[in-house]
Amino acid sequence: MAAKMEKTKTPGIFKRGSRYVVTFRDAAGRQRRESARTLDDARRLKAARTTAVATGEYQERSRDTLHAYAREWVKRYQGRGRRGFRENTRDEYTRTLEQYVFNYFPERTLLTAIQPTHVAKFVGWLCNPEAQGRRLAEDRRAAKALKLKVSAASLPLTADGKPPAPVALSDSTVRNIMAPLSACLATAVREGVIRSHPAREVDLPHRPTAEESEDEEVRAMTRDQLAVLLAQIPGRHRLFFRLLGATGLRISEAVALQWRHLQLDGSRPHVKVRRALVRGRMGPPKSRYGRREVPMGADLVDALREHRKATGGGELDLVFTAANGAPINSGNLRRRVLKPAAEEACVEWVGFHAFRHTCASLLFADGRNAKQVQVWLGHHSAAFTLATYVHLLDGDIGEPLSLPRASDSAPGVVVATQRNDGPDRLHDPEGPGAREEPIDARQGAPNGEREDEARAATLKRVHEHHEREDDNSEGGQHASSLALAGGNTVTTDPPGNDDTTPESDLAPSPETLAVTA
Numbered sequence: 024m025a026a027k028m029e030k031t032k033t034p035g036i037f038k039r040g041s042r043y044v045v046t047f048r049d050a051a052g053r054q055r056r057e058s059a060r061t062l063d064d065a066r067r068l069k070a071a072r073t074t075a076v077a078t079g080e081y082q083e084r085s086r087d088t089l090h091a092y093a094r095e096w097v098k099r100y101q102g103r104g105r106r107g108f109r110e111n112t113r114d115e116y117t118r119t120l121e122q123y124v125f126n127y128f129p130e131r132t133l134l135t136a137i138q139p140t141h142v143a144k145f146v147g148w149l150c151n152p153e154a155q156g157r158r159l160a161e162d163r164r165a166a167k168a169l170k171l172k173v174s175a176a177s178l179p180l181t182a183d184g185k186p187p188a189p190v191a192l193s194d195s196t197v198r199n200i201m202a203p204l205s206a207c208l209a210t211a212v213r214e215g216v217i218r219s220h221p222a223r224e225v226d227l228p229h230r231p232t233a234e235e236s237e238d239e240e241v242r243a244m245t246r247d248q249l250a251v252l253l254a255q256i257p258g259r260h261r262l263f264f265r266l267l268g269a270t271g272l273r274i275s276e277a278v279a280l281q282w283r284h285l286q287l288d289g290s291r292p293h294v295k296v297r298r299a300l301v302r303g304r305m306g307p308p309k310s311r312y313g314r315r316e317v318p319m320g321a322d323l324v325d326a327l328r329e330h331r332k333a334t335g336g337g338e339l340d341l342v343f344t345a346a347n348g349a350p351i352n353s354g355n356l357r358r359r360v361l362k363p364a365a366e367e368a369c370v371e372w373v374g375f376h377a378f379r380h381t382c383a384s385l386l387f388a389d390g391r392n393a394k395q396v397q398v399w400l401g402h403h404s405a406a407f408t409l410a411t412y413v414h415l416l417d418g419d420i421g422e423p424l425s426l427p428r429a430s431d432s433a434p435g436v437v438v439a440t441q442r443n444d445g446p447d448r449l450h451d452p453e454g455p456g457a458r459e460e461p462i463d464a465r466q467g468a469p470n471g472e473r474e475d476e477a478r479a480a481t482l483k484r485v486h487e488h489h490e491r492e493d494d495n496s497e498g499g500q501h502a503s504s505l506a507l508a509g510g511n512t513v514t515t516d517p518p519g520n521d522d523t524t525p526e527s528d529l530a531p532s533p534e535t536l537a538v539t540a
């Protein structure tokens, strides 16, 4: 039986047993109760709730547990990006919640009770090899007990009675585990279930592995290494790996290929990437950029034709299958075929993705640009492609850049004009825009001497022109404009009356003045 509530000197606060109860009314007039450990905590809580109700910021505390809310959330979640939410991702989220999140947080944990410190401790638990080793041993024991239809407590934690072996989760695995929990809590905030996101600023680990410390770059095979590796792969699977190396397809895309996706006839044979097989579920490629058409060479096309003739595959049949006709299991293929062949070829580090990296390196070596490689591989941007494979490009910057000299392409006169859209430039008189170079780039005397000579020659011609005007025209006036500052050119407007002076005798023509180099 609950203890009786006793009034205190503060209105709306009661004492019940060793705790204090705060009562207040929400915006709808319904009475609410919350508890506090001490009288001071109760007074602060009372003031906070009163202020929140008055300002319209009060939010009723949810009684949903993390387990119940997350199970309901993962069934209806549709993602937030334009790509939507794939069903295989939903399956992965469900497994992750059951295997890690629900394993750590007790079933009665309220969603509103989760604080950033709890999430930080959860990340620490994920990064603890001993804790993960024990979790894995408990999962195995539970599965065995279910199979034997006995209680898990009746079975030993390990078969040999020794402590479970440590299991270290990689940083990427920890991030993948945090993804559904963070998305679930973010949805709870948007739906008004909780006020703040406790996992928003959680610190995730970054622990470089030994392999990353030795070589942080993407590794690709050379042509010779690829040839040796293909020679070590059994004949039944060799064509599959040839396709991976020649097209750069992801392993999930290659195992999902049907014969209708291969265009083996015509002037441009290619493979159409339209779907992928991920964790046993067939779906669209990794992103919308994954839908692409990748060209194939004549040798690969001939080999595929022979393969189809031998297997008798129909349009909807898989191009490559396991021995029993089912889709290829990438884990089995890696373990039984690729790994032994890689060891024989002395490229133990090679995985499925190395064929994709090798394809990229060969494309760059063939002179393809980043945009072409991006489309070929199905990346979302050329910038990502370049950032990923920049180390595959030749680091030698090559020979010096050679530019033509002014005297090489413009024998004779070079014309200087005043441009409205920039600094003074030199133009080849043989045609507009034929050659432009800054004045400082001209060959010959220094800039100051050239400018002085140009001004003197221009003034002399203008003076001679005016003298001829006075001699040949009675009262005729020429409206002339003269601009001599800072090496600017001189222009003269044409006369307004009939001027019989021959054009060849006019010193400054309406065109730009000619200045000899």
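Here our numbering is used: the first residue of the sequence shown is 24, the next is one more, and so on.
Even for Gly, the Cβ is constructed at its ideal location relative to N, Cα and C.
Owing to the predicted nature of the structure, the values given are computational and were not obtained by experimental measurement.
- Query: Which whole runs of the alpha helix (DSSP H) in the segment 327-359 are 4 residues long or more, in chain order?
  - Reply: 353-356
- Query: Considering only C-alpha positions, which residue in the set Q281, V97, K144, R103 is nearest to Y116?
  - Reply: Locating residue 116 in the sequence shown gives position 93, counting from the first residue. Nearest of Q281, V97, K144, R103 to Y116, Cα basis: V97.
- Can you tell which of S404, M201, R357, C369 has the C-alpha that lies nearest to the C-alpha of Q122? Position 99 of the sequence shown, counted from the start, is the residue given in the question as residue 122. The shortest C-alpha separation from Q122 is found at M201.
- Cα-Cα separation, G335 to E276: Within the sequence shown, residue 335 is the residue found at index 312, counting from 1. Within the sequence shown, residue 276 is the residue found at index 253, counting from 1. Whole-angstrom Cα-Cα distance: 21 Å.
- Task: Report the option in V142, H220, A254 whose CA atom is closest to the CA atom of F125.
- Result: Within the sequence shown, the letter at position 102 stands for residue 125. Nearest option by C-alpha distance: V142.
- Which residue's Cα is closest to the Cα of R328: E338, L287, P350? Here the question's residue 328 lines up with position 305 in the sequence shown. Taking only the C-alpha atoms, the option nearest R328 is L287.
- Exposed or buried, which one is L426 when buried takes at least 16 other CB atoms within 10 Å? Translated into the one-based positions of the sequence shown, residue 426 becomes position 403. L426 should be labelled exposed.
- Shortest alpha-carbon distance to V278 belongs to which of V216, R291, L356, T381? Along the sequence shown, one-based indexing puts residue 278 at 255. Of the candidates V216, R291, L356, T381, the one whose C-alpha sits nearest the C-alpha of V278 is L356.
- Query: Between A50 and A77, what straight-line distance do the alpha-carbon atoms span, to the nearest angstrom?
  - Reply: Along the sequence shown, one-based indexing puts residue 50 at 27. Along the sequence shown, one-based indexing puts residue 77 at 54. Rounded to whole angstroms, A50 to A77 spans 8 Å at the Cα level.
- So what does A299 bridge to, in DSSP terms? Here residue 299 refers to the residue found at position 276 of the sequence shown. According to DSSP, A299 bridges with G306.
- Task: Using 10 angstroms around the beta-carbon of L280, count the other beta-carbons present and answer buried if the total reaches 16, otherwise exposed.
- Result: On the sequence shown, residue 280 is found 257 positions in, with the first residue counted as 1. Classification of L280: buried, given that the 10 Å Cβ count is 16 or more.
- Can you round the beta-carbon distance between Y43 and A65 to whole angstroms, since I take them to be within the 8 Å contact cut? Here residue 43 corresponds to residue number 20 of the sequence shown, with the count starting at 1. Here residue 65 corresponds to residue number 42 of the sequence shown, with the count starting at 1. At roughly 4 Å, the Cβ-Cβ gap stays under 8 Å, so Y43 and A65 are in contact.
- Runs of beta strand (DSSP E) wholly within the segment 37-111 (minimum 3 residues, chain order): 42-48, 54-59
- Item | Among N151, R72, T119, the one whose alpha carbon lies nearest that of V45 | Locating residue 45 in the sequence shown gives position 22, where the first residue counts as 1. Among N151, R72, T119, the Cα nearest to that of V45 is on R72.
- Message: Short of 6 Å in beta carbon distance, which residues of its chain neighbour T408, apart from the five on each side in sequence? Order them along the chain.
- Response: Residue numbering aside, residue 408 sits at position 385 when the sequence shown is read from its first letter. Around T408: A393, V396, Q397, H402.
- Item | Collapsed DSSP secondary structure at R315 in the structure displayed | Here residue 315 corresponds to residue number 292 of the sequence shown, with the count starting at 1. Three-state result, R315: strand.
- Give me the Cβ distance between T178 and K167, rounded to the nearest whole Å; I'm assuming they're in contact under 8 Å. Residue mapping note: residue 178 aligns to position 155 of the sequence shown, counting from 1. Residue mapping note: residue 167 aligns to position 144 of the sequence shown, counting from 1. Here residue 178 is Leu; the residue named in the question, Thr, does not match the sequence. Contact flag correct, Cβ pair sits at about 6 Å.
- Query: For K30, does the three-state DSSP call read helix, strand or coil?
  - Reply: Taking the first residue of the sequence shown as 1, we reach residue 30 at position 7. Here K30 sits in strand by DSSP.
- Message: To test your reading of the DSSP string, which unbroken alpha helix (DSSP H) runs of 4 or more residues are found completely within the segment 255-299?
- Response: 258-270, 274-277
- Query: Since T31 and L62 are thought to touch, with beta carbons under 8 Å apart, how far apart are those beta carbons, to the nearest angstrom?
  - Reply: Mapped onto the sequence shown, residue 31 falls at position 8. Mapped onto the sequence shown, residue 62 falls at position 39. T31 to L62, Cβ: 7 Å. Contact.
- Message: Counting C-beta neighbours from all protein chains within 10 Å, is the total for R379 16 or more, i.e. buried, or is it exposed?
- Response: In the sequence shown, the residue the question calls residue 379 occupies position 356. By the 10 Å Cβ count, R379 comes out buried.
- Message: With DSSP as the reference, identify every bridge partner of F133, one or two as the case may be.
- Response: As a first step, residue 133 must be located in the sequence shown, where it is residue number 110. Going by the sequence as given, residue 133 is Leu instead of Phe. The partner list for L133 (beta bridge, DSSP) reads T88.
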